[in-house]
Each structure stands twice: as C-alpha cells, then as structure tokens.
Amino acid sequence: AQSVTQPDIHITVSEGASLELRCNYSYGATPYLFWYVQSPGQGLQLLLKYFSGDTLVQGIKGFEAEFKRSQSSFNLRKPSVHWSDAAEYFCAVGAVEYGNKLVFGAGTILRVKS
Amino acid sequence: GAVVSQHPSWVICKSGTSVKIECRSLDFQATTMFWYRQFPKQSLMLMATSNEGSKATYEQGVEKDKFLINHASLTLSTLTVTSAHPEDSSFYICSAGEGNQPQHFGDGTRLSIL
Chain U
130 AQSVTQPDIH
140 ITVSEGASLE
150 LRCNYSYGAT
160 PYLFWYVQSP
170 GQGLQLLLKY
180 FSGDTLVQGI
190 KGFEAEFKRS
200 QSSFNLRKPS
210 VHWSDAAEYF
220 CAVGAVEYGN
230 KLVFGAGTIL
240 RVKS
Chain X
5 GAVVSQHPSW
15 VICKSGTSVK
25 IECRSLDFQA
35 TTMFWYRQFP
45 KQSLMLMATS
55 NEGSKATYEQ
65 GVEKDKFLIN
75 HASLTLSTLT
85 VTSAHPEDSS
95 FYICSAGEGN
105 QPQHFGDGTR
115 LSIL
C-alpha cells in the first residue's frame, strides 16, 4: 500500500537557522512528489514538486527538496528560516498508475522562535 | 496561476440539515477534482475523486449516500453532506488539477454541526 511518513510531528527552529523536514514514502509505482504548506484555517499552497530529472528541486519562498530514490526520501530544506515560515508542512505523493490521487503525510508543524 | 475557489468558507448549521459545498476551477478546466477531509491536527484524507460527467469514485470507508458529489461541468464540483450530524464537523478541502500536474487546492470549508 502507498504510504507517506513524516516522522517529525513538531519542529522548532530559531529564526535564521537552517531547516530540514523529513519525508519518506512507500509506493508501488514511479512516484511524483510535492511539498505543500498550510497556515491555520487555510487551504494548501504548493511549495515545490518533483516529477523527474534533476533530483534537487527549487521551490517558492527559498525552499528546496532533494529526491533520493535509494532512500525513498524527499526532504524539504531551507537555509535560513523566517518567522513567517511557521505553518504546517505536508509531503504528498502521487502516481499516474494510481489515478493521480495524492497520499499525504501526517504533516509537520514548524514553530519559529525569535 | 491556476486558482480553485471553494464556497462557503465557513458553515454552521443544525443537526439533520444538508450542506452543499462548491469547488470551482476559475481559469482552467478540471475533468477531475478531489475532495478531502481534515480533522483537527491531522492530515488530509482523500474522500472521493470527482469525475466530470460520471459518478464519483469514493475511498474505502466513505459513505457515498452521506457525501454526495456532483461534477456537472468542467469547472464545478459540489459536495453535499446529507443529514449532517456533529461527527461530520470537519474541514473539507477540494483540489483540482490536470493529469499529474500539481493539484491546486481551495481554501477549505469549515463545517460545524450543532
């Protein structure tokens, strides 16, 4: 069965510090992957996506993610976190073979301390 | 960029009433839309895939008679929660996208059943 694991429920970092949010997946088909961000009471905003090609993808707001097939991982990184980055982050995986339905991780809540 | 509009953003109603939520793709045609449900502090769970001109495909455990989905045009899908009860209170989010392209999410509807 398809599954997405975000092992960290909460992460707290200081403003200006670097950030890495982990995402691991288990999928029976060639996946494509996304990171979304959600502010409280809001919908989801796409940060970045990976379909194929270069395994290091750049997104909005200074985020990047690296697809590592051998580790089944797609970790999200940012070199310097801003207070406005505090939100919940979701990793999602889909595949054409599964009708493009997305499977979401449980989410990681990011807190930024000043 | 592509925009998905969801309406209403907040609904409070009495137990036993039916509630309709609309999801519109504003600047693209969406043959497929997805409906998700999100409980507090939890991830998004796919409820059903809405297919234009045909019946929706429901995920296991989702009552199709309870959650009626209609996708009558390429820009509109509706979710009707019939005879709503307090346990149906949740955050409902729709998304739309073409093929394996990133899905664009509405801002969600917070449903509170008294």
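As you go down the protein sequences, you meet chains U and X in turn.
Heads up: take any position in the first sequence, counting from 1, add 129, and you land on our numbering.
Heads up: take any position in the second sequence, counting from 1, add 4, and you land on our numbering.
Note that beta-carbon positions come from the ideal geometry of N, C-alpha and C, so glycine has one too.
Our contact map puts residue i next to residue j with C-beta atoms below 8 Å; I'd like the distance itself, whole angstroms only.
i: G172 of chain U; j: D111 of chain X; result: 4 Å
i: T79 of chain X; j: Q33 of chain X; result: 6 Å
i: F38 of chain X; j: S54 of chain X; result: 7 Å
i: G223 of chain U; j: Y165 of chain U; result: Not quite, the Cβ-Cβ distance comes to about 12 Å (not below 8 Å), so this is no contact.
i: E63 of chain X; j: L50 of chain X; result: 5 Å
In terms of alpha-carbon separation, which member of the options lies closest to residue i?
i: A216 of chain U; options: U:L162, U:Y154 and U:L176; result: U:L176
i: K178 of chain U; options: U:T141, U:Q131, U:P169 and U:F203; result: U:F203
i: G170 of chain U; options: X:Y96, X:S29 and X:T35; result: X:Y96
i: S93 of chain X; options: X:A100, X:S99 and X:V85; result: X:V85
i: K18 of chain X; options: X:E102, X:E91, X:C98 and X:S99; result: X:E91
i: S143 of chain U; options: U:V225, U:K230, U:E226 and U:W212; result: U:W212
Have a look at residue i and residue j and give me their C-alpha separation to the nearest angstrom.
i: S149 of chain U; j: L83 of chain X; result: At residue 149 of chain U the sequence reads Glu, which differs from the Ser that was named. Answer to the nearest angstrom: the Cα atoms are 36 Å apart.
i: T113 of chain X; j: K24 of chain X; result: 10 Å
i: V15 of chain X; j: G234 of chain U; result: 27 Å
i: Y218 of chain U; j: Q42 of chain X; result: 14 Å
i: N248 of chain U; j: Q135 of chain U; result: Residue 248 of chain U lies beyond the residue range present for chain U, which begins at 130 and ends at 243; the question has no answer from this structure.
i: R28 of chain X; j: L72 of chain X; result: 16 Å
i: V7 of chain X; j: E26 of chain X; result: 14 Å
i: P208 of chain U; j: F192 of chain U; result: 8 Å
i: K242 of chain U; j: A130 of chain U; result: 38 Å
i: S116 of chain X; j: K70 of chain X; result: 16 Å
i: T61 of chain X; j: G236 of chain U; result: 25 Å
i: L118 of chain X; j: S87 of chain X; result: 12 Å
i: K197 of chain U; j: P106 of chain X; result: 20 Å
i: I238 of chain U; j: S47 of chain X; result: 11 Å
i: S81 of chain X; j: A52 of chain X; result: 11 Å
i: V232 of chain U; j: S99 of chain X; result: 13 Å
i: E56 of chain X; j: G228 of chain U; result: 14 Å
Answer with buried or exposed for residue i, where buried requires no fewer than 16 other C-beta atoms within 10 angstroms of its C-beta.
i: Q187 of chain U; result: exposed
i: Q200 of chain U; result: exposed
i: K59 of chain X; result: exposed
i: I31 of chain X; result: The sequence shown places Asp at residue 31 of chain X, not Ile. Label assigned to D31 of chain X: exposed.
i: T141 of chain U; result: exposed
i: I189 of chain U; result: exposed
i: D214 of chain U; result: buried
i: Q167 of chain U; result: buried
i: A221 of chain U; result: buried
Which residue or residues does DSSP assign as beta-bridge partners of residue i?
i: R206 of chain U; result: U:E149 and U:E193
i: R41 of chain X; result: X:M49 and X:Y96
i: W14 of chain X; result: X:R114
i: G182 of chain U; result: DSSP lists no partner for G182 of chain U.
i: K242 of chain U; result: U:S143
i: E217 of chain U; result: U:Q167 and U:I238
i: V85 of chain X; result: X:V23 and X:F71
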